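> Using this note's numbering, count along the sequence shown one by one with no gaps and you end on 309.
Questions regarding the structure given below will be posed in turn.
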Amino acid sequence: MRVGRGLGESAAVAVLECPPTVATNLTIMGSRVITPFRGKHNHRRCLDDALKAAEQVCAAAGLRLTPLRRQVLELVWHRHTPARAYEILERLKELGHRPAPPTAYRALDFLERAGLIHRIESLNAFVGCADPGARHAGQFFICERCDAIAEISDPSLIDALQGHAERLGFLPRTRTIEVRGVCARCSAEA
Ligand SMILES: [Zn+2]
Ligand SMILES: [Zn+2]
Ligand SMILES: [Zn+2]
Numbered sequence: 120m121r122v123g124r125g126l127g128e129s130a131a132v133a134v135l136e137c138p139p140t141v142a143t144n145l146t147i148m149g150s151r152v153i154t155p156f157r158g159k160h161n162h163r164r165c166l167d168d169a170l171k172a173a174e175q176v177c178a179a180a181g182l183r184l185t186p187l188r189r190q191v192l193e194l195v196w197h198r199h200t201p202a203r204a205y206e207i208l209e210r211l212k213e214l215g216h217r218p219a220p221p222t223a224y225r226a227l228d229f230l231e232r233a234g235l236i237h238r239i240e241s242l243n244a245f246v247g248c249a250d251p252g253a254r255h256a257g258q259f260f261i262c263e264r265c266d267a268i269a270e271i272s273d274p275s276l277i278d279a280l281q282g283h284a285e286r287l288g289f290l291p292r293t294r295t296i297e298v299r300g301v302c303a304r305c306s307a308e309a
């Protein structure tokens, strides 16, 4: 696999400077951190884990992870920050692929429906999910200064929203929660 080299930034991919890890795999009453704010770490491992999980999820669901879909998934996972569709298209061009934009958008759509990536609506961007095997609505903390993003999963938040929606007679189409603010590292730097 030539993930880093393929992107022409193997060093940048291997070690990322990100906000410090606060907690990993923290579990409180079914709530857990799926992706914490990460400190310096071997991002190659994140990529390898994501690709392995994607292969397992696709095999279990009878879905085809075509070379283009796999490449787009790698590009979304390039960093722990949301990737815009046009950035993915630019990177694909740099890598010598020239898919028509609709083809790339369809690949993103496939990855999202397979649960391998989440769409961050407020940014019209995508982020990889570190736990694609367990279907869930994304719950995110997004740093407005450095773009870092953390994902949690807390069923009680879903239950609370569902309860309010029912009382209001509202049929929710989305259940994604996006909380914007400042990560620990950025607030320490301020
Ligand atoms: Zn990483
Ligand atoms: Zn997720
Ligand atoms: Zn930040």
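Ideal Cβ positions, reconstructed from N, Cα and C, are used throughout, including at glycine.
Treat the numbers as computed from the prediction; the structure is a model and nothing was measured.
What residue ranges within the segment 226-272 form continuous beta strand (DSSP E) runs of no fewer than 3 residues, ordered along the chain?
236-239, 244-247, 258-262 and 268-272
> Counting pairs of beta carbons, one from the segment 166-179 and one from the segment 205-223, are three or more of them closer than 8 Å?
Judged by Cβ distances under 8 Å, the segment 166-179 makes no contact with the segment 205-223, as fewer than three pairs qualify.
> Starting from the Cα of alanine 179, find the closest Cα among Gly252, Ile277, Gly282 and Arg304 and give me that residue.
Numbered from its first residue, the sequence shown carries residue 179 at position 60. Alanine 179 has its Cα closest to that of Gly252, out of Gly252, Ile277, Gly282 and Arg304.
> To the nearest angstrom, how far is it from the Cα of arginine 232 to the Cα of proline 201?
Counted from its first residue, the sequence shown places residue 232 at position 113. Counted from its first residue, the sequence shown places residue 201 at position 82. Between arginine 232 and proline 201, the C-alpha separation is close to 17 Å.
> Using only CA atoms, which one of Gly247, Gly257, His197 and Gly282 lies nearest to arginine 163?
Looking up residue 163 in the sequence shown gives position 44. Comparing Cα positions, the closest option is His197.
> Could you tell me the alpha carbon to alpha carbon distance between serine 306 and proline 291, rounded to whole angstroms?
Residue numbering aside, residue 306 sits at position 187 when the sequence shown is read from its first letter. Residue numbering aside, residue 291 sits at position 172 when the sequence shown is read from its first letter. Straight-line Cα distance between these residues: approximately 34 Å.
> Does ligand 1 have even one heavy atom less than 6 Å from the beta-carbon of cysteine 305?
Taking the first residue of the sequence shown as 1, we reach residue 305 at position 186. Every heavy atom of ligand 1 is 6 Å or more from the Cβ of cysteine 305, so no.
> So the alpha helix (DSSP H) valine 191 belongs to, where does it begin and stop?
In the sequence shown, residue 191 corresponds to position 72, counting from 1. Element bounds for valine 191: 186-195.
> Per DSSP, what are the beta-bridge partners of histidine 216 in this structure?
Start at 1 with the first residue of the sequence shown, and residue 216 comes out as number 97. Its beta-bridge partners do not exist; DSSP assigns none.
> Output the distance between the C-alpha atoms of leucine 227 and alanine 303, rounded to the nearest integer angstrom.
Along the sequence shown, read from residue 1 onward, the residue named residue 227 stands at position 108. Along the sequence shown, read from residue 1 onward, the residue named residue 303 stands at position 184. One C-alpha to the other measures close to 30 Å.
> For aspartate 298, which option in Arg210, Gln258 and Val195 has the closest C-alpha, if you only look at C-alpha atoms?
The residue given as residue 298 occupies position 179 in the sequence shown. The residue asked about is misnamed: residue 298 is valine in this sequence, not aspartate. A check of alpha carbon separations from valine 298 across Arg210, Gln258 and Val195 identifies Gln258 as the nearest.
> Suppose the cutoff is 8 Å on Cβ atoms and the five residues either side in sequence are ignored; what does the same chain contact list for valine 195 look like?
Looking up residue 195 in the sequence shown gives position 76. Counting only Cβ-Cβ distances below 8 Å, and skipping sequence neighbours, we find Ala202, Ile207, Leu227, Leu230, Ile236, Phe245, Val246 and Gly247.
> Going by the C-beta, is cysteine 265 closer than 6 Å to any heavy atom of ligand 1?
The residue labelled residue 265 in the question sits at position 146 within the sequence shown. Not so, every heavy atom of ligand 1 lies at least 6 Å from the Cβ.
> Go ahead and label alanine 223 buried or exposed: buried means 16 or more other beta carbons lie within 10 angstroms of its beta carbon, across all protein chains shown.
Residue mapping note: residue 223 aligns to position 104 of the sequence shown, counting from 1. Answer is buried; the Cβ neighbour count reaches 16.
> So what's arginine 292 in DSSP terms, helix, strand or just coil?
Counting from one through the sequence shown, the residue named residue 292 turns up at place 173. Here arginine 292 carries a coil assignment [DSSP, helix/strand/coil].
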